[in-house]
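The sequence shown begins at 14 in this note's numbering and counts up one residue at a time. Ideal placement from N, C-alpha and C gives every residue a C-beta, glycine not left out. Being a predicted model, the structure only gives us computed values, none of them experimental.
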Amino acid sequence: MSHSSDPAGPRRLTLWGFAAAVVVYLAIIQVGGIAFRRLGDITGDEGTQTISGVVYNFILPLGLAAIFVYGLVAYLGWWKPVMRDDRPVQRGMIVVPIVLLVGILLAIDYGALAEKGLGFTLLLLLATQLVGWGEEGMFRGIGITVLRKRGLTEGRVALWSSLIFGAVHLSNAVGQGLQAVPQAVVVAFAGYFFYLVRRRTGSNAVNSVLHGLFDFSLLTATALDDTPYLGMTAGILVYLVLAVFLLARRRHIEPKPIAAA
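Structure representation (structure tokens):
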């Protein structure tokens with residue numbers, strides 16, 4: 014099934030319009046999250062450790078946020094530039110999604126999930142996919158399209174889209190305080206990794222799925238019980254391995270110029 018764009022053609026979205034969209038997206042998650050937790054009477058660790066907690070704390074607000082994102086994409090008539098990427102990188106960048114996938118598989122706490130049961134596991138997987146598709150649709154999809162339409166070079170698109178992605182996670186200070194600051198820095202780097210996945214695969218779907226799975230693995234390793242899980246170090250190693258790899262390959266990311274005949 015193909016996506017149809019607006020009959021009058023794609024609409025325009027300014028930087029300020031994008032900023033407003035981001036604010037609305039965050040408000041749905043933050044304010045909606047508070048409202049749904051109160052509605053479900055969810056307190057403390059229930060938000061990540063029970064089925065009702067996952068539904069009220071994650072699925073309901075994140076589902077509404079994802080509907081907003083893709084409703085905006087449909088309104089703008091931007092399905093093609095949001096969901097597809099025509100700016101390839103060199104073939105060696107396939108290492109980025111491979112390292113992310115390996116890190117995901119190592120970081121998942123399979124024992125904790127087995128104790129929680131299949132129903133809980135599937136709901137948590139759905140919740141984290143809503144995170145991945147929502148954030149990648151907003152920041153790697155709409156955000157990158159807005160920046161490219163302004164004529165920025167890919168280097169600047171990569172920089173600003175990643176910085177914006179990191180900065181908006183400062184909104185987590187509402188519940189986490191100053192802990193949100195280092196998290197925002199780490200998230201900015203993650204944004205660059207997902208940006209490269211989008212360009213290497215030519216699709217915003219792959220980075221959306223990987224983003225959701227990465228969050229899924231981290232949640233299983235850190236939030237399902239009070240017992241530390243050694244596999245969570247795989248998530249840290251992903252950042253270190255990719256940072257070293259990209260630093261070493263920094264001159265071999267963009268496609269090689271085509272020599273004149």
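Practice task
Assuming residue 122 contacts residue 233 (C-beta within less than 8 Å), just tell me the rounded distance between them.
Solution key: Locating residue 122 in the sequence shown gives position 109, where the first residue counts as 1. Locating residue 233 in the sequence shown gives position 220, where the first residue counts as 1. Approximately 4 Å separates the beta-carbon atoms of residue 122 and residue 233; this is inside 8 Å, confirming the contact.
Handout entry: Three-pair Cβ contact test at 8 Å for the stretch 244–252 versus the stretch 106–117
Key = A contact is defined here as three or more CB-CB pairs under 8 Å, and the stretch 244–252 meets this definition with respect to the stretch 106–117.
Handout entry: Runs of alpha helix (DSSP H) lying entirely within the stretch 66–137, each at least 4 residues, in chain order
Key = Complete alpha helix (DSSP H) runs here, min 4: 73–89, 92–96, 108–120 and 123–129.
Practice task
Please specify which runs of the alpha helix (DSSP H), each continuous and at least 4 residues long, are wholly inside the stretch 168–247, giving them in chain order.
Solution key: Listed in chain order, the complete alpha helix (DSSP H) runs (minimum 4 residues) inside the stretch 168–247 are 186–189, 193–214 and 217–235.
Exercise for the section: Could you name the residues of the same chain whose beta carbon sits closer than 7 Å to that of residue 41, not counting the 5 residues immediately before and after it, in chain order? Expected result: As a working note, residue 41 is residue 28 in the sequence shown. Excluding residues within five positions, the ones whose Cβ falls inside 7 Å are 74, 77, 78 and 81.
Practice task
Report yes if the C-beta distance between residue 34 and residue 155 is below 8 Å; otherwise report no.
Solution key: Numbered from its first residue, the sequence shown carries residue 34 at position 21. Numbered from its first residue, the sequence shown carries residue 155 at position 142. Yes, the pair counts as a contact, with Cβ atoms nearer than the cut-off.
Exercise for the section: Give a yes or no on contact between the stretch 85–96 and the stretch 211–230, applying the rule of three or more CB pairs nearer than 8 Å. Expected result: Touching, per the Cβ criterion.
Practice task
Return the CA-CA distance between residue 28 and residue 208, expressed in angstroms with no decimal places.
Solution key: For this step, residue 28 is matched to residue 15 along the sequence shown. For this step, residue 208 is matched to residue 195 along the sequence shown. The alpha-carbon atoms of residue 28 and residue 208 are separated by roughly 19 Å.
Exercise for the section: Look at the alpha carbon of residue 88 and the alpha carbon of residue 150, and state the distance between them as a whole number of angstroms. Expected result: Within the sequence shown, residue 88 is the residue found at index 75, counting from 1. Within the sequence shown, residue 150 is the residue found at index 137, counting from 1. If you take the alpha carbons of residue 88 and residue 150, they lie about 14 Å apart.
Exercise for the section: Reducing DSSP to helix, strand and coil, say where residue 41 ends up. Expected result: Position 28 of the sequence shown holds residue 41. For residue 41, the secondary structure class from DSSP, reduced to helix, strand or coil, is helix.
Handout entry: Residue nearest to residue 202 in terms of C-alpha spacing, selected from 164, 131 and 113
Key = As a working note, residue 202 is residue 189 in the sequence shown. Checking every option, the nearest Cα to that of residue 202 belongs to 113.
Handout entry: Selection from 238, 259 and 247 that minimises the alpha carbon distance to residue 127
Key = Counting from one through the sequence shown, the residue named residue 127 turns up at place 114. Residue 127 has its Cα closest to that of 238, out of 238, 259 and 247.
Handout entry: Classification of residue 192 by the beta-carbon crowding that lies within 10 angstroms, buried from 16 upward
Key = Position 179 of the sequence shown holds residue 192. Label assigned to residue 192: exposed.
Handout entry: Residue from 198, 167, 165 and 161 whose Cα sits closest to the Cα of residue 177
Key = Mapped onto the sequence shown, residue 177 falls at position 164. Selected option, being the one with the closest Cα: 198.
Practice task
Go ahead and pull the three-state DSSP assignment for residue 139.
Solution key: Walking along the sequence shown from the start, residue 139 turns up at place 126. DSSP places residue 139 in the helix class (H, G or I) of the three-state scheme.
Exercise for the section: Go ahead and pull the three-state DSSP assignment for residue 147. Expected result: Numbered from 1 along the sequence shown, position 134 holds the residue referred to as residue 147. Of the three classes helix, strand and coil, the one that applies to residue 147 here is helix, per DSSP.
Practice task
Inspect the beta-carbon positions of residue 212 and residue 102 and report whether they are closer than 8 Å.
Solution key: What you label residue 212 is simply residue 199 of the sequence shown in a count that begins at 1. What you label residue 102 is simply residue 89 of the sequence shown in a count that begins at 1. In contact: residue 212 and residue 102 (Cβ atoms closer than 8 Å).
Exercise for the section: Determine the closest residue to residue 90 out of 25, 243, 264 and 47, with distance taken between C-alpha atoms. Expected result: Counting from one through the sequence shown, the residue named residue 90 turns up at place 77. The shortest Cα separation from residue 90 among 25, 243, 264 and 47 belongs to 25.
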